[in-house]
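Residue numbers (the working numbering): 1 to 452. Each residue gets a CB set at the ideal place from its N, CA and C atoms; glycine is no exception. These numbers come from a predicted model, not from an experiment. Note sheet for the following structure.
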Ligand code: ADP
Ligand code: MG
């Protein structure tokens with residue numbers, strides 16, 4: 001088989017597949033060799049190869065055979081990415097004159113941030129489950145839970161984990177067609193396909209994916225036709241046993257204006273949440289960032305206690321924490337001196353003030369009373385019946401966890417109780433939490449609503 005035969009077959013294809021298909025899929029193919037009945041083409045991406053093989057493979061083979069070539073099989077190999085500036089050295093048979101420049105193929109995915117890898121993800125108690133689940137799906141093995149649903153508040157690492165999964169899959173399983181995009185981009189593509197009357201292409205494109213990752217799915221809540229289309233895409237992929245990974249800012253059941261059938265579908269797999277960071281995790285993240293920064297800028301001198309101070313004071317989200325550190329580094333490198341606690345306090349005054357909104361014991365008492373349907377006066381009063389004492393202990397526990405108040409102080413706010421009573425209450429809830437699902441759930445719900 002020669003380039004000439006391919007040339008004539010290409011012309012034939014242009015007539016039969018239509019202009020848009022031709023420019024998108026056939027034109028970028030480069031005939032690169034023929035041996036033992038296997039015709040090899042080079043393609044810019046593996047996605048394209050799969051697509052062409054699936055949709056036009058039979059037709060191409062048929063036409064080649066008609067043209068007198070005994071082709072049994074087509075093979076699509078990904079061309080080594082030659083940068084545009086470096087002129088590609090054509091080797092041997094490849095004709096240098098008319099190399100078609102591959103058109104920009106519209107892949108449905110969004111670009112990945114190369115910094116968001118598993119290596120750079122610091123694991124701590126609040127995110128260990130999410131991390132473990134993400135690692136599992138990133139192996140690309142048999143699908144064991146579908147979908148994987150990751151949720152948690154803003155800046156807790158959902159996008160980071162999603163990108164890490166996508167990048168690990170891309171390097172370990174290049175045969176898989178992995179598509180990552182935000183729910184917003186999904187909607188945008190959908191609307192565009194509608195407008196351009198390319199719904200069939202849209203459907204097929206998404207249904208030819210091996211691993212679909214949709215970030216911030218809460219975005220499609222209330223957007224009816226996008227939800228509808230998402231639902232069908234979702235089902236089609238699950239039916240084919242393709243892995244789906246979804247993230248959202250809250251649990252599936254809590255996303256308002258999301259159709260019930262979608263909610264229940266999303267709950268079918270593994271739902272894991274990223275808890276708000278704790279002090280240790282924040283410190284770990286800060287230490288990692290400092291190490292990275294030191295590699296580029298060895299002159300960084302950091303006084304003892306600065307990172308601890310930041311981890312303690314900035315508890316909102318990791319993005320804010322990173323922002324604070326970046327600013328501190330920039331400042332320090334400008335003035336060329338050691339980062340001391342005073343410098344940090346000065347330079348980050350606004351951030352520190354903003355994350356100073358502290359949860360108060362009063363708020364906790366009020367929320368917990370409402371939750372368990374008891375009076376606020378009972379919460380701080382002397383009654384010791386279980387129905388009152390348990391909520392009181394829950395409130396003490398949350399006060400210990402969510403405020404920086406000491407045990408004696410907490411005791412005082414609970415009707416002048418002794419600090420040992422508080423300690424006992426906190427311990428009791430800790431124990432219960434471990435094997436009483438109801439309590440664990442209550443705590444989670446209360447914590448979320450207090451931190452909102
Ligand atoms: P989300 O999508 O949940 O809003 P992101 O994934 O965008 O949050 O995370 C916000 C920033 O915090 C990113 O720069 C990310 O790298 C960083 N980050 C979050 N969690 C971690 C972690 N456990 N280890 C390292 N960096 C983290
Ligand atoms: Mg995100």
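Helix, strand or coil, according to DSSP, for residue 253 in the structure here? Numbered from 1 along the chain shown, position 253 holds the residue referred to as residue 253. The answer is helix: DSSP assigns residue 253 an H, G or I state.
For the ligand ADP, which residues have a Cβ under 5 Å from at least one heavy atom, in chain order? 121, 122, 154, 155, 156, 157, 158, 159, 160, 285, 318 and 319
For residue 482, which residues from the same chain have a beta carbon less than 7 Å from its beta carbon, with the 5 sequence-adjacent residues on both sides left out? In this structure the chain extends from 1 to 452, so residue 482 is not present and cannot be described.
Anyone know if the C-beta pair for residue 237 and residue 212 falls short of 7 Å? For the purposes of this step, residue 237 is taken as residue 237 along the chain shown, with counting starting at 1. For the purposes of this step, residue 212 is taken as residue 212 along the chain shown, with counting starting at 1. Yes, the pair counts as a contact, with Cβ atoms nearer than the cut-off.
Neighbour-count burial assignment, residue 133, 16 or more Cβ in a 10 Å radius: Here residue 133 refers to the residue found at position 133 when the chain shown is read from its first residue. So residue 133 counts as buried.
Contact defined as beta carbons within less than 8 Å: I believe residue 216 pairs with residue 249. What is the distance between those atoms, to the nearest angstrom? Here residue 216 is taken as the residue at index 216 of the chain shown, counted from 1. Here residue 249 is taken as the residue at index 249 of the chain shown, counted from 1. Rounded, the Cβ-Cβ distance is 7 Å, consistent with contact.
Exposed or buried, residue 4, counting other C-beta atoms within 10 Å across all chains shown (16 or more means buried)? Taking the chain shown and counting its residues from 1, the one referred to as residue 4 is at position 4. Classification of residue 4: exposed, given that the 10 Å Cβ count is below 16.
For residue 151, count neighbouring C-beta atoms within 10 Å of its own C-beta (all shown protein chains included) and say buried if the count is 16 or more, exposed if not. Locating residue 151 in the chain shown gives position 151, counting from the first residue. The residue in question, residue 151, is buried, as its Cβ has 16 or more Cβ neighbours within 10 Å.
Pull the bridge partners of residue 215 from the DSSP assignment, please. As a position in the chain shown, residue 215 is number 215, starting the count at 1. Answer is 182.
To the nearest angstrom, how far is it from the Cα of residue 183 to the Cα of residue 221? The residue given as residue 183 occupies position 183 in the chain shown. The residue given as residue 221 occupies position 221 in the chain shown. Roughly 10 Å separates the two Cα atoms.
Beta-carbon proximity of residue 124 to residue 284, cut-off 7 Å: Taking the chain shown and counting its residues from 1, the one referred to as residue 124 is at position 124. Taking the chain shown and counting its residues from 1, the one referred to as residue 284 is at position 284. Cβ atoms of residue 124 and residue 284: closer than 7 Å.
Check for me: the alpha helix (DSSP H) holding residue 236 runs from which residue to which? By 1-based counting over the chain shown, the position of residue 236 is 236. 224-239 is the extent of the alpha helix (DSSP H) around residue 236.
Indicate the three-state DSSP secondary structure (helix, strand or coil) for residue 120 in the structure shown. Locating residue 120 in the chain shown gives position 120, counting from the first residue. Here residue 120 sits in coil by DSSP.
In terms of alpha-carbon separation, which member of 333, 293, 281 and 197 lies closest to residue 312? Here residue 312 is taken as the residue at index 312 of the chain shown, counted from 1. Nearest C-alpha to residue 312: 281.
Assess contact between the segment 284-302 and the segment 249-260, defined as three or more Cβ pairs (one per stretch) separated by less than 8 Å. Is contact present? no
Helix, strand or coil at residue 27 [DSSP, three-state]: As a working note, residue 27 is residue 27 in the chain shown. The answer is coil: DSSP assigns residue 27 none of H, G, I, E or B.
Please state whether the Cβ-Cβ distance between residue 61 and residue 52 is less than 7 Å. In the chain shown, the residue the question calls residue 61 occupies position 61. In the chain shown, the residue the question calls residue 52 occupies position 52. Not a contact, by the Cβ cut-off of 7 Å.
Helix, strand or coil at residue 169 [DSSP, three-state]: Indexing the chain shown from 1 puts residue 169 at position 169. Three-state result, residue 169: helix.
Helix, strand or coil: how does DSSP classify residue 115 here? By 1-based counting over the chain shown, the position of residue 115 is 115. Coil.
What is the rounded straight-line gap between the Cα of residue 8 and the Cα of residue 128? In the chain shown, residue 8 corresponds to position 8, counting from 1. In the chain shown, residue 128 corresponds to position 128, counting from 1. Near 57 Å, if we compare the C-alpha coordinates of residue 128 and residue 8.
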